[in-house]
Amino acid sequence: MGLYTIKVRINSSFYTFGSICYDIKSVISRNGDLELNEIDSRRNIIIVGFMGTGKSTVSQLLSERLGWESKDTDAEIEKAAGRSIPQIFAKDGEEAFRDWETRVLEQTLCQGNRIVATGGGAVLREGNRRTMLERGWVVALTADKASLIRRVTSAAEGTRPLLAGDAEARVSALLEARKHAYDFANAKVDTSDRTPAEVAELLLQGLPKGWI
């Protein structure tokens, strides 16, 4: 009796190997083979930056202009975990949250034509930075300390675990700790004195040639 292969389609299942994303097409076969179809996931716009720089708002504006899907990794983490980010921090700690962040980032970037807004600390792991650079164009949004303190303290209570306690002091400490964390990005835009619409327009003007 000859060998044969049973091919099974699993929707929305992805496999990553190195810098390449694959869609799992065949998972059952008599001879143990696994057929993987490579996905071109390199054309994404990935927005990084400190909390309060406007990543989520700019992501939505770019999505509307380009017709690409907008994804917010913090929102995707909460959806996948079935809990809020403050709850994850409180019960499991920051390292567990970072593990969620890495998994969600890899899965989210396994498709192209997406605008992906990341959490402020997503850049802390080298593997995350590498994944972002391999799968898209990375732009860092920045702002001066006064602007950031004003923005995050007005909406921080209960929503930003890393700002628990003296929010202004925590912002200053985190800015110092992360002062070079966003240097790997392909481009940077200062949002201090710009509206989200102005920031989005600058990003559109700076997109790699041929993307739109």
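So the mapping is simple: our numbering equals the position in the sequence shown, first residue as 1, plus 1399.
Think of the CB as a built atom: it goes at the ideal place given N, C-alpha and C, for glycine as much as any other residue.
Computed from a prediction, not measured in an experiment: that's the story for all the values here.
Please report the straight-line C-alpha distance between residue i and residue j, rounded to a whole angstrom.
i: T1507; j: V1447; result: 14 Å
i: L1433; j: M1531; result: Low local confidence applies: a pLDDT of 45 at L1433 is under 50, so the model's placement there is unreliable, with the coordinate-based value given in what follows. About 27 Å.
i: D1582; j: L1523; result: 12 Å
i: N1527; j: A1521; result: 7 Å
i: A1599; j: L1574; result: 23 Å
i: S1571; j: P1595; result: 23 Å
i: E1617; j: A1516; result: The question about residue 1617 has no answer here: the residues shown for the chain are numbered 1400 through 1611.
i: R1464; j: I1484; result: 29 Å
i: T1472; j: Q1459; result: 13 Å
i: R1550; j: R1577; result: 18 Å
i: R1482; j: L1606; result: 35 Å
i: E1494; j: C1509; result: 23 Å
Could you please give the first and the last residue of the uninterrupted beta strand (DSSP E) stretch that includes residue i?
i: W1536; result: 1536-1541
i: R1513; result: 1513-1516
i: G1448; result: 1443-1448
Compare the Cα-Cα distances from residue i to each of the options and report the closest residue.
i: L1540; options: N1443, S1455, R1442; result: S1455
i: E1500; options: W1536, G1519, E1463; result: G1519
i: L1504; options: F1488, K1470, D1491; result: K1470
i: K1608; options: W1536, R1482, F1488, A1489; result: W1536
i: M1450; options: G1466, H1579, I1548; result: I1548
i: A1584; options: R1593, K1490, E1525; result: E1525
i: D1592; options: G1492, G1466, S1546, A1479; result: S1546
By DSSP, does residue i sit in helix, in strand, or in coil?
i: R1524; result: coil
i: G1605; result: helix
i: A1566; result: helix
i: I1438; result: Only weak support exists for where I1438 lies, its pLDDT of 47 falling under 50; the value from the coordinates is given anyway. Correct three-state label for I1438: strand.
i: A1580; result: coil
i: S1571; result: helix
i: D1592; result: coil
Can you find the residues in the same chain that come closer than 8 Å, C-beta to C-beta, to residue i, ignoring five residues on each side of it along the sequence?
i: L1602; result: I1444, V1457, L1461, V1538, A1586, V1588
i: K1544; result: V1570, S1571, L1574
In chain order, what residues of the same chain lie with their CB nearer than 6 Å to the CB of residue i, ignoring the 5 residues before and after it?
i: E1468; result: R1513
i: T1590; result: T1452, G1453, L1540, A1542, V1598
Need the endpoints of the alpha helix (DSSP H) that residue i sits in, please.
i: N1462; result: Asn is not the amino acid found at residue 1462; the sequence shown has Ser there. 1454-1465 is the extent of the alpha helix (DSSP H) around S1462.
i: S1469; result: Segment 1468-1471 is the beta strand (DSSP E) holding S1469; no alpha helix (DSSP H) there.
i: W1499; result: 1493-1507
i: R1550; result: 1544-1552
So, at 7 Å on beta carbons, what are the nonlocal neighbours of residue i in its own chain, with the 5 sequence-adjacent residues on each side left out?
i: I1476; result: I1484, W1499, E1500, V1503
i: F1496; result: I1484, I1487, F1488
i: R1529; result: none
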